[in-house]
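Protein sequence lines, in the order shown, are assigned to chains H and R.
83 is the number of the first residue of the first sequence in this note's numbering; add one for each residue after it.
4 is the number of the first residue of the second sequence in this note's numbering; add one for each residue after it.
Heads up, the beta-carbon is just placed ideally off N, CA and C, and yes, glycines get one too.
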Amino acid sequence: MQDRLVSMIRETSSSLPEDVLAALRAAARREARGGSAAVVLRTILDNCALAKRNGTPLCQDTGTLTFFVDERLRRRVTPALVRRAVACATECGFLRRNTIDAVTGRSCDDNCAEGAPVVHYVAGDGPARRVTLLLKGGGSENMSRQYSLPDAALGAGRDLAGVRACVLDAVQKIQGYGCAPGILGVCVGGDRATGYAVAKAQLLRPLDAAADAGGGGAELRRLEKALLREANALGIGPMGLGGKTTLLGVKVAARTRVPASFFVTVAYMCWACRRRTIEL
Amino acid sequence: MITLTYPFDEKAVRALKAGDAVSITGRLYTGRDKFHKFVADGGALPVDFTDGALYHCGPVCVRDGADGAWRVVAAGPTTSVRENPYEPAFIAASGVRLIVGKGGMDAATRAAMKRHGCVYVQAVGGAGALYAAAVRRVAGVSLLDEFGAAEAVWHFDVVDFRGVVAMDAHGRSLFAEVAEASARALAGLR
Numbered sequence: 083m084q085d086r087l088v089s090m091i092r093e094t095s096s097s098l099p100e101d102v103l104a105a106l107r108a109a110a111r112r113e114a115r116g117g118s119a120a121v122v123l124r125t126i127l128d129n130c131a132l133a134k135r136n137g138t139p140l141c142q143d144t145g146t147l148t149f150f151v152d153e154r155l156r157r158r159v160t161p162a163l164v165r166r167a168v169a170c171a172t173e174c175g176f177l178r179r180n181t182i183d184a185v186t187g188r189s190c191d192d193n194c195a196e197g198a199p200v201v202h203y204v205a206g207d208g209p210a211r212r213v214t215l216l217l218k219g220g221g222s223e224n225m226s227r228q229y230s231l232p233d234a235a236l237g238a239g240r241d242l243a244g245v246r247a248c249v250l251d252a253v254q255k256i257q258g259y260g261c262a263p264g265i266l267g268v269c270v271g272g273d274r275a276t277g278y279a280v281a282k283a284q285l286l287r288p289l290d291a292a293a294d295a296g297g298g299g300a301e302l303r304r305l306e307k308a309l310l311r312e313a314n315a316l317g318i319g320p321m322g323l324g325g326k327t328t329l330l331g332v333k334v335a336a337r338t339r340v341p342a343s344f345f346v347t348v349a350y351m352c353w354a355c356r357r358r359t360i361e362l
Numbered sequence: 004m005i006t007l008t009y010p011f012d013e014k015a016v017r018a019l020k021a022g023d024a025v026s027i028t029g030r031l032y033t034g035r036d037k038f039h040k041f042v043a044d045g046g047a048l049p050v051d052f053t054d055g056a057l058y059h060c061g062p063v064c065v066r067d068g069a070d071g072a073w074r075v076v077a078a079g080p081t082t083s084v085r086e087n088p089y090e091p092a093f094i095a096a097s098g099v100r101l102i103v104g105k106g107g108m109d110a111a112t113r114a115a116m117k118r119h120g121c122v123y124v125q126a127v128g129g130a131g132a133l134y135a136a137a138v139r140r141v142a143g144v145s146l147l148d149e150f151g152a153a154e155a156v157w158h159f160d161v162v163d164f165r166g167v168v169a170m171d172a173h174g175r176s177l178f179a180e181v182a183e184a185s186a187r188a189l190a191g192l193r
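1. Along the chain, where does the alpha helix (DSSP H) containing Ala-336 (chain H) start, and where does it finish?
2. Nearest to Pro-139 (chain H) by alpha carbon, out of H:Arg-158, H:Ser-89, H:Ile-182?
3. If you draw a straight line from the alpha carbon of Phe-159 (chain R) to that of Ala-110 (chain H), how long is it in whole angstroms?
4. Going along chain R in order, which residues have a C-beta closer than 7 Å to the C-beta of Thr-94 (chain H)?
5. Which one or two residues does DSSP pair with Trp-157 (chain R) in a beta bridge?
6. So what's Thr-6 (chain R) in DSSP terms, helix, strand or just coil?
7. Just checking my contact of Arg-356 (chain H) with Ser-95 (chain H) at CB under 8 Å: how many whole Å lie between their CB atoms?
8. Using a Cβ-Cβ distance cut-off of 7 Å, determine whether Glu-312 (chain H) contacts chain R.
9. May I ask which residues mark the beginning and end of the alpha helix (DSSP H) holding Met-261 (chain H)?
10. On the CB-based measure, 16 or more other CB atoms within 10 Å of its CB, does Gln-142 (chain H) come out buried or exposed?
11. Taking the CB atoms as reference points, tell me whether Gly-331 (chain H) and Gly-219 (chain H) lie closer together than 7 Å.
12. Please state the DSSP three-state secondary structure of Asp-101 (chain H).
13. Strictly below 7 Å CB to CB, what residues from chain R border Asp-128 (chain H)?
14. Can you list, in chain order, the residues of the segment 338-361 of chain H whose Cβ is nearer than 8 Å to any Cβ on chain R?
15. Show which residues of chain R have a CB atom less than 9 Å away from the CB atom of Cys-141 (chain H).
16. If you reduce the DSSP assignment to three classes, tell me which class Lys-105 (chain R) lands in.
17. Kindly identify the DSSP beta-bridge partner or partners of Ala-172 (chain R).
18. What three-state label does DSSP hand Ile-360 (chain H) in the structure shown?
19. Measuring only the C-alpha atoms, how far is Glu-183 (chain R) from Leu-323 (chain H)?
20. With a threshold of 7 Å between beta-carbons, can Tyr-259 (chain H) be considered close to chain R, or not?
21. Would you say Ile-256 (chain H) lies against chain R (beta-carbon separation less than 7 Å)?
22. Kindly indicate the opening and closing residues of the alpha helix (DSSP H) around Lys-14 (chain R).
23. State yes or no: is the beta carbon of Thr-144 (chain H) nearer than 7 Å to at least one beta carbon in chain R?
24. Given this structure, state the Cα-to-Cα distance separating Leu-285 (chain H) from Val-164 (chain H), to the nearest angstrom.
25. Asp-273 (chain H) by DSSP, collapsed to three states: which one?
26. Does Thr-186 (chain H) have its Cβ less than 7 Å from a Cβ in chain R?
27. Which residues in chain R have a C-beta closer than 8 Å to the C-beta of Ile-318 (chain H)? List them in chain order.
28. Return no unless some Cβ of chain H is closer than 7 Å to the Cβ of Gly-22 (chain R).
29. Give the DSSP bridge partners of Leu-57 (chain R), in chain order.
30. Report the three-state DSSP secondary structure of Gly-166 (chain R) (helix, strand or coil).
31. Could you check the C-alpha separation between Cys-60 (chain R) and Thr-81 (chain R) for me, to the nearest Å?
32. With DSSP as the reference, label Asp-67 (chain R) as helix, strand or coil.
33. Check the Cβ of Ala-315 (chain H) against every Cβ in chain R and list those closer than 8 Å, keeping chain order.
34. Assuming contact is defined by CB atoms lying nearer than 7 Å, are Thr-148 (chain H) and Leu-216 (chain H) in contact in what I supplied?
35. Starting from Phe-178 (chain R), find everything on chain H with Cβ-Cβ shorter than 9 Å and list it in chain order.
36. Take Lys-37 (chain R) and list the residues in its own chain whose beta-carbon comes closer than 6 Å to its own, dropping the five residues that flank it on each side.
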């Protein structure tokens, strides 16, 4: 079991999911040949092919590791087992020594500490019992943000038009700094903590619509499509050098709120959206 | 794609325009936070940057093999804005022609680039594997004991290291232009 987790970590760190690669290839076809957007996307695709061939990290920031484990696997996939797998993968060079004690500033050289890696036990359905791993780099995590409606500066009220204003403001402010083209996970409502958790969980959804079970109803689906189109019309482009592809996808979910609060939370994921699911 | 070969000629560098795709071959020296502070505090430049290139990068390098040679595992760019306070003086004092990094730099750095004939090349964030492969040889390393491996000044000999000129020696910055244009586009959507 530990070996399966170690190879899962290696594969996650060295190769992108097929839907993200397909979106990057489609973006490369859309951009003007020889322009900076096309050059950046070609570099990204070449980098992905090389990392996959070598089984080495595709980005040196191997990120925060978050495991989502089917709760029916709680006894087989324990936090201690996950930590051993992470320590082993670090020792093998599949992960950078990337975990810093926030008080002392010292490196936790095996990437393990209290709460690291992050392990969430989630409700499972159907016969398949799955473990999903998400690697998210610091450059993209630094770009995530949370709004509280109403927001006078944005002219954003407590409705979906207000949500749209927040998300487009976030895209414009982030520019290329989170390593664009990125993917947005958005949560409408919730408290501050659930907002971030739910927004980040949307990054697990596949980019191709046919395979995506969705995070909400038809209204949110329409919002996702409109936001993707409008964000890409801003012209920020890959790495912020201009172009048609600022985002690869937008995924929105909603949670209830209390009458006094209306949060809009935006989780930004870089193009290196490293996620993988295995069945046990 | 415009090929730039070390040593980088001032006239050729001044002729580059924002948006040009470039392929760099020759020597790149890495330098990031500790290096910039060291130089600003009066430390002597460990290498000659005249007509050279500075790469904002904290690579993962391992020493392997019987000969103890260094091998580069990942060498993508790090965010450049942290060096804004130091870069104009560094450009003036060093004779450097290319600054390579990600995210761009401020107006003061742009002005120094214009005055001294230097450009900013945007490398692709996250492409650590590809840039490591472009490093054909680690020719040496300076300030390793003082700064540690991630902050040391590495002497990389690279072949076909690709990027885009994002700030040129005419005072143009793609970052500034894209930020302004996207703000106008957003206002149009409201």
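Quick answer:
1. First-last for Ala-336 (chain H): 329-336, but that is the beta strand (DSSP E), not the alpha helix (DSSP H).
2. H:Ser-89
3. 30 Å
4. Residues of chain R passing the Cβ test: none, with the nearest at roughly 14 Å.
5. Trp-157 (chain R) pairs with R:Val-144.
6. strand
7. Between Ser-95 (chain H) and Arg-356 (chain H) the Cβ distance is about 6 Å, and since that is below 8 Å, they are a contact.
8. yes
9. Residue identity differs from the one stated: residue 261 (chain H) is Cys in this sequence, not Met. Unbroken run through Cys-261 (chain H): none, as it is neither H nor E.
10. Counting Cβ neighbours within 10 Å, Gln-142 (chain H) comes out buried, since at least 16 surround it.
11. no
12. helix
13. Leu-133
14. Cys-352, Trp-353, Ala-354
15. Near Cys-141 (chain H) (Cβ distances below 9 Å), the residues of chain R are Ala-77, Gly-79, Gly-128, Gly-129, Ala-130, Gly-131, Ala-132.
16. Here Lys-105 (chain R) sits in strand by DSSP.
17. DSSP, once it has assigned bridges, lists no residue as partnering Ala-172 (chain R).
18. strand
19. Between the alpha carbons of Glu-183 (chain R) and Leu-323 (chain H) lies a gap of roughly 12 Å.
20. yes
21. no
22. 13-18
23. no
24. 21 Å
25. coil
26. Contact of Thr-186 (chain H) with chain R is not assigned, every C-beta pair being separated by 7 Å or more.
27. Val-181, Ser-185
28. Closer than 7 Å to the CB of Gly-22 (chain R) there is at least one CB belonging to chain H.
29. R:Tyr-32, R:Ile-102
30. strand
31. 5 Å
32. strand
33. Ala-188, Leu-192
34. yes
35. Gln-257, Gly-258, Gly-322, Leu-323
36. Taken in chain order, the residues that qualify are Phe-150, Glu-154.
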